[in-house]
Amino acid sequence: MTVQNRSRGWIVVVYLGLLAFVIPWYWPADDMRHAYGLPLWVIATLVALLLTSVFTAWVFLSWPEDDS
Amino acid sequence: MTNLLPFGFGAWAFITLYIVSLLFLGWAGLAARKEDTLQDFYLGGRGFGFSILVLTLYATQYSGNTLFGVAGATYRFGFGWLIAVHYMLAIVVFYLAFAPKLHTLSHNRGYVTPVDYLKDRYHSQAISLISSIVMIVALNNYLLAQLMTMGRALQGLAGSYGDEAYNYGVIGLALIMLIYGTLGGIRAIAWTDVIQGSVLMIGLFVLLVLLFNQFGPLSDATELIAASPDAFKVARPASPMLREWLSYVIVLGMGGALYPHAIQRIYAARSRRTLNRSLATMAFFPFTTALVAVIAGIYALAYVPGLEGAETDQVLARLLRIIQENSLFGYAVVVLIFSAVLAALMSTADSAMLSISSMFTKDIYAVHVNPGASQSELTKIGKRCSWIVVGVLVVFAILLKNQVSLIALIDRKFDVLVQLAPAFMLGIHMPFLKRLPVLIGLVAGLLIALGLAFGPFHFVVAGKVWGLHPGLYGLVVNTVIAVAGSTPRVRA
Chain A
1 MTVQNRSRGW IVVVYLGLLA FVIPWYWPAD DMRHAYGLPL WVIATLVALL LTSVFTAWVF
61 LSWPEDDS
Chain B
69 MTNLLPFGFG AWAFITLYIV SLLFLGWAGL AARKEDTLQD FYLGGRGFGF SILVLTLYAT
129 QYSGNTLFGV AGATYRFGFG WLIAVHYMLA IVVFYLAFAP KLHTLSHNRG YVTPVDYLKD
189 RYHSQAISLI SSIVMIVALN NYLLAQLMTM GRALQGLAGS YGDEAYNYGV IGLALIMLIY
249 GTLGGIRAIA WTDVIQGSVL MIGLFVLLVL LFNQFGPLSD ATELIAASPD AFKVARPASP
309 MLREWLSYVI VLGMGGALYP HAIQRIYAAR SRRTLNRSLA TMAFFPFTTA LVAVIAGIYA
369 LAYVPGLEGA ETDQVLARLL RIIQENSLFG YAVVVLIFSA VLAALMSTAD SAMLSISSMF
429 TKDIYAVHVN PGASQSELTK IGKRCSWIVV GVLVVFAILL KNQVSLIALI DRKFDVLVQL
489 APAFMLGIHM PFLKRLPVLI GLVAGLLIAL GLAFGPFHFV VAGKVWGLHP GLYGLVVNTV
549 IAVAGSTPRV RA
């Protein structure tokens, strides 16, 4: 993975992390619906966080063993 | 202690066996020592492989605060404390910004403490000394929180003997930690982390199963809360708390990535590949750990209502007590979970203890007190430092037992720790960053963070300004000074 792609990877990770913050911000304040015990806004936020985790792991694993 | 707690002989035999295994690993760490140097004692000769590194990072990052503090905060704020999953993940994301490069530098330049990097990068005694003090103070705060949680873990199970159980728990567990930590150094601590990390993972999984078994599905708990006066804790947080959310993600994410004991684990990784695989794995642990603590807090909110203040930090212990009294199986499994709680506390506390002693020894004693000291002498000083620091903090933990919320303790620590972010995270990527602007930025950031946190300002509510950590305001000013002051001016 080149330095440029790594920077892009980090930016995508940050955007996904921000998405996990923006979801509850714009979710209707009076929405009490839930599924499997988790409010819907929690499920949506957890999905965004899981995507952030997957992408973070991918950037780490794509890093070369040694580069100058 | 057996007379105080409603644990039987078998339960204490299991916990004693677990603790004896830690002491054995302390002795094994001493036997495995290759040389009497700081690098061997504090970094284990930089030879940590994947399984040891990932479990020691896990056991160190997920502390007593994660379990008790997050469960307690969820009890107070409801599902909004999903913040905890986000900020634990943010720590790994911020590692992405500097850990691999710092690892390579540490192996090439022989760093032992986090401040070694700052010395090498800025050649400034002032930056090094201030950073050492910030890290030592922050870690002392962290170690104090772990010791207090050890006491509260026992206090919550001990009924009317809570105070005595708290005192004996803090003293006893601190003593055990000191023995194995000063015997075997980082090797003993990393090996105990493997046991503690494994027990913690299994314990949390079992806790989740037990909660479902004891109280029914999570949907029942959520419906119970939705029909109670706490119904607002099901809906998404209101705007002020959403601002706090963003603040926690930035301040705890950056601050957590700059934990001195975590940075020393970056140094101790055998190779960059080992480090990257470990951090990639760490990206998924918020879901198996912080999220479980949030769910436990929701169950407590539904089935143990009415707790307030510092009492809420004990909701996990209250839940365990209910499960324990219900069946023999529940009782047996609570013993396992209780061991997991002890594991979380001790694995974090021992790492903080070792990191404090390494920084005091190498960054302060060896530089300002006795520059000619040999490696062997410095290692001895480090061990003595551990005993003194933990001894003093045990006294504080007993004196402050009913006065401080765990989350409040965490907040202040990160307010100061995050001020090191520009020097570390920007300094490693921006060769143009100069030492004077970085120093001025660091001092300004610390003054703003501490001034807002402790000053008599009416606009500071619950330790925050407009819902944001004081450390965040300090960080913005700090970063602007460091970058703008270092940017080359273009002559007209």
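Protein chains in written order, with my numbering: chain A, 1 to 68; chain B, 69 to 560.
Cβ atoms here follow ideal geometry from the backbone N, Cα and C, with glycine treated the same way.
Since we're looking at a predicted model, the values are computed, not measured.
Does the beta carbon of residue i sit closer than 8 Å to a beta carbon anywhere in chain B?
{"i": "A:Leu61", "result": "yes"}
{"i": "A:Leu19", "result": "no"}
{"i": "A:Val47", "result": "no"}
{"i": "A:Val12", "result": "no"}
{"i": "A:Leu50", "result": "yes"}
Pull up the distance between the alpha-carbon of residue i and that of residue j, whole angstroms please.
{"i": "B:Ala512", "j": "B:Asp104", "result": "40 Å"}
{"i": "B:Ala116", "j": "B:Ala295", "result": "In the sequence as displayed, the identity of residue 116 of chain B is Phe instead of Ala. Roughly 51 Å between the two C-alpha positions."}
{"i": "B:Ser196", "j": "B:Leu186", "result": "6 Å"}
{"i": "B:Ser315", "j": "B:Ser395", "result": "43 Å"}
{"i": "B:Leu85", "j": "B:Ala517", "result": "45 Å"}
{"i": "B:Ser404", "j": "B:Pro308", "result": "What sits at residue 404 of chain B in the sequence shown is Leu, not Ser. For B:Leu404 and B:Pro308, the distance between alpha carbons rounds to 39 Å."}
{"i": "B:Ala158", "j": "A:Ile11", "result": "13 Å"}
{"i": "B:Ala242", "j": "B:Val458", "result": "7 Å"}
{"i": "B:Arg275", "j": "B:Gly284", "result": "Reading off the sequence, residue 275 of chain B comes out as Leu, not Arg. Taking the straight line from one Cα to the other gives about 13 Å."}
{"i": "B:Ala411", "j": "B:Ala489", "result": "29 Å"}
{"i": "B:Ile391", "j": "B:Ala348", "result": "35 Å"}
{"i": "B:Tyr532", "j": "A:Val47", "result": "At residue 532 of chain B the sequence reads Lys, which differs from the Tyr that was named. Their backbone Cα atoms lie some 29 Å apart in a straight line."}
{"i": "A:Thr45", "j": "A:Val14", "result": "14 Å"}
{"i": "B:Leu207", "j": "B:Ala420", "result": "6 Å"}
{"i": "B:Asn176", "j": "B:Tyr248", "result": "30 Å"}
{"i": "A:Phe21", "j": "B:Trp313", "result": "8 Å"}
{"i": "B:Lys430", "j": "B:Arg386", "result": "43 Å"}
{"i": "B:Val202", "j": "B:Lys469", "result": "24 Å"}
{"i": "B:Gly253", "j": "B:Leu111", "result": "8 Å"}
{"i": "B:Ile198", "j": "A:Trp25", "result": "38 Å"}
{"i": "B:Ser415", "j": "B:Ile293", "result": "34 Å"}
Which residue's Cα is closest to the Cα of residue i: the options?
{"i": "B:Leu515", "options": "B:Ile198, B:Lys502, B:Phe527, B:Gly542", "result": "B:Gly542"}
{"i": "B:Met493", "options": "B:Ser89, B:Ala408, B:Trp80, B:Leu326", "result": "B:Leu326"}
{"i": "B:Glu291", "options": "A:Ala48, A:Arg33, A:Trp58, A:Phe55", "result": "A:Arg33"}
{"i": "B:Val383", "options": "B:Val372, B:Gln392, B:Glu393", "result": "B:Val372"}
{"i": "B:Leu150", "options": "B:Asn438, B:Pro305, B:Phe273, B:Ala370", "result": "B:Pro305"}
{"i": "B:Thr250", "options": "B:Ala521, B:Ala370, B:Ala417, B:Ala368", "result": "B:Ala417"}
{"i": "B:Ile456", "options": "B:Ala206, B:Ile466, B:Phe428, B:Asn438", "result": "B:Phe428"}
{"i": "B:Ala370", "options": "B:Gly113, B:Ile120, B:Phe145, B:Phe82", "result": "B:Phe145"}
{"i": "B:Phe87", "options": "B:Arg177, B:Leu310, B:Ile257", "result": "It should be noted that the sequence gives Ile, not Phe, for residue 87 of chain B. Nearest option by C-alpha distance: B:Ile257."}
{"i": "B:Glu445", "options": "B:Ala550, B:Ser426, B:Phe82", "result": "B:Ser426"}
{"i": "B:Ile331", "options": "B:Gln193, B:Tyr234, B:Leu485, B:Val360", "result": "B:Leu485"}
Is residue i close to chain A? Criterion is C-beta to C-beta, closer than 8 Å.
{"i": "B:Gly535", "result": "no"}
{"i": "B:Thr290", "result": "yes"}
{"i": "B:Trp80", "result": "no"}
{"i": "B:Val302", "result": "yes"}
{"i": "B:Trp313", "result": "yes"}
{"i": "B:Ser425", "result": "no"}
{"i": "B:Leu150", "result": "yes"}
{"i": "B:Pro168", "result": "yes"}
{"i": "B:Pro499", "result": "no"}
{"i": "B:Pro305", "result": "yes"}
{"i": "B:Leu347", "result": "yes"}
{"i": "B:Pro373", "result": "no"}
{"i": "B:Phe355", "result": "yes"}
{"i": "B:Ser119", "result": "no"}
{"i": "B:Asn344", "result": "yes"}
{"i": "B:Ser174", "result": "no"}
{"i": "B:Leu279", "result": "no"}
{"i": "B:Ala294", "result": "yes"}
{"i": "B:Val462", "result": "no"}
Would you call residue i buried or exposed, if buried means 16 or more other Cβ atoms sit within 10 Å of its Cβ?
{"i": "A:Pro39", "result": "buried"}
{"i": "A:Ile43", "result": "exposed"}
{"i": "B:Gly440", "result": "exposed"}
{"i": "B:Ala491", "result": "buried"}
{"i": "B:His436", "result": "exposed"}
{"i": "A:Phe60", "result": "buried"}
{"i": "B:Phe162", "result": "buried"}
{"i": "B:Phe109", "result": "buried"}
{"i": "B:Phe75", "result": "buried"}
{"i": "B:Asp483", "result": "buried"}
In chain E, which residues lie less than 7 Å from residue i when you measure between Cβ atoms?
{"i": "B:Ala351", "result": "The structure shown contains no chain E; the protein chains it does contain are A and B."}
Please confirm whether any heavy atom of the ligand NAD lies closer than 7 Å to the CB of residue i.
{"i": "B:Gly78", "result": "Within the structure as shown, the ligand NAD is missing, as the structure has no ligands at all."}
Cβ pair count under 8 Å reaching 3, the segment 156-173 of chain B against the segment 335-351 of chain B | Contact check between the segment 156-173 of chain B and the segment 335-351 of chain B: three or more CB pairs, one atom from each, fall below 8 Å, which counts as touching.
Examine the Cβ distances between the segment 106-124 of chain B and the segment 261-269 of chain B and report whether three or more of them are shorter than 8 Å.
-> Short answer: they touch.
Counting Cβ pairs, one atom from each stretch, are 3 or more of them under 8 Å apart for the segment 351-364 of chain B and the segment 46-64 of chain A?
-> With the rule of 3 Cβ pairs closer than 8 Å, the segment 351-364 of chain B counts as touching the segment 46-64 of chain A.
Given 8 Å, three or more beta-carbon pairs between the segment 447-455 of chain B and the segment 203-223 of chain B = At 8 Å Cβ cutoff, the stretches do not touch.
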